[in-house]
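Asks: Here it is, the structure in full.
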Amino acid sequence: MLALTLSVGLLACPLHPVSLDLELGKRALPGLPPDLARQLTKHPQAYRRGAEAAFAYPQAIHVMGPGNSLEEAVLAQCERLVAAIRGQASFEAVTAGFGALAHLVWDLNFPVEASTEAEARAFVAFLQSRAPRIPVVFYSGYESLPFSSRETLWGFILAEASRVSPLRQALAEDFRRVGGPGFWNSLDDRSTAFGVASVSLNRAISQYVALSSWVWHHAGGLVVPFPGDGNRILVWKGELKPREAPLPRLGIR
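Going letter by letter, the sequence shown gives residues 44 to 296 in this note's numbering.
Take a look at the structure:
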């Protein structure tokens, strides 16, 4: 059977814990192709194992930088998943692969440099404490990606990775404003940090949905395009479960 995660490295992820991958997976369910989402819900422990395996990848894979190692890892994981599904791997193993993909996508969107450990810990604590008040949002504009080529997918991954820098700068400035990352709990829901947390989480969700849909389509699965016209965000108001019609959502321009 095709390996859907890499060999464990000596250094674990310097950015975020597996708990954020589980939150991403739960929030992404309504946006995923329904058939895929239903399969993933059958193997929650496999999803966790995949995320844990990705957490243990060598440190260089978790960070953006020269050589695009993280970006290449995201692309490679998508291709591994397509091959595994087409090769009729067990869906438990496939689900673990999607858990690993979720971790890599979070790495791609994490708004703190790996070298700033105190800020990383502070942001994780802040996000975990505020997550119940962050709405589930699916960003529009990714509707055609699942049906695109490998080359287009690679361009998408690179473009999304390039959007993180402004969020990192904004978060660092907000931490400095309150006296440093150790004072993260003084930041309220009106703060820049809350906005960064919301955008980072929902970008990760939207990208994970788009990448998973690309995998599902290229593996032969049915992808029902998530509604959107490229100019709206979709705020999910229903349960966090595989979607059915009618869609409980609000469209906001």
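Beta carbons: idealized from backbone N, C-alpha and C, even for Gly.
Please tell me whether phenylalanine 153 and isoleucine 248 are closer than 9 Å, where the distance is taken between their beta carbons.
Replies: Their beta carbons are not under 9 Å apart, which means phenylalanine 153 does not touch isoleucine 248 by this criterion.
Asks: I'd like the list of long-range same chain contacts for alanine 103, defined as Cβ closer than 7 Å, with 5 residues on each side in sequence excluded.
Replies: Ser112
Asks: Report yes or no: do the region 237–251 and the region 65–74 share at least 3 C-beta pairs separated by less than 8 Å?
Replies: With the cut-off at 8 Å, the region 237–251 and the region 65–74 touch.
Asks: Assign methionine 44 to one of two classes, buried (16 or more other C-beta atoms within 10 Å of its C-beta) or exposed (fewer than that).
Replies: Below a pLDDT of 50, predicted positions are generally treated as unreliable, and methionine 44, at 36, falls in that range; the measurement from the model is reported next regardless. Exposed, since its Cβ has fewer than 16 Cβ neighbours within 10 Å.
Asks: Nearest to glycine 238 by CA position, among Leu201, Pro285, Phe166, is which residue?
Replies: Phe166
Asks: Buried or exposed: where does serine 232 fall if 16 or more other Cβ atoms within 10 Å of its Cβ makes it buried?
Replies: Here the sequence assigns aspartate to residue 232, which means serine is not the residue at that position. Exposed is the call here.
Asks: How many angstroms separate the CA atom of alanine 240 from the CA atom of leucine 170?
Replies: 6 Å
Asks: Out of Val207, Ile128, Arg164, His260, which one is the CA nearest neighbour of leucine 188?
Replies: His260
Asks: Measure the beta-carbon distance from proline 77 to proline 285 and round it to whole angstroms, keeping in mind my assumption that it falls under 8 Å.
Replies: 5 Å
Asks: Name the residue from Leu63, Asp150, Gly140 whose alpha carbon lies nearest to the alpha carbon of glutamate 203.
Replies: Asp150
Asks: Is the region 139–150 in contact with the region 76–96, if contact means three or more CB pairs nearer than 8 Å?
Replies: Put simply, the region 139–150 touches the region 76–96. At least three CB pairs are less than 8 Å apart.
Asks: Just reading off the beta strand (DSSP E) that isoleucine 248 is part of, what are its end residues?
Replies: No beta strand (DSSP E) holds isoleucine 248; the alpha helix (DSSP H) holding it covers 235–261.
Asks: Cβ atoms of glutamate 216 and threonine 235: under 9 Å apart, would you say?
Replies: yes
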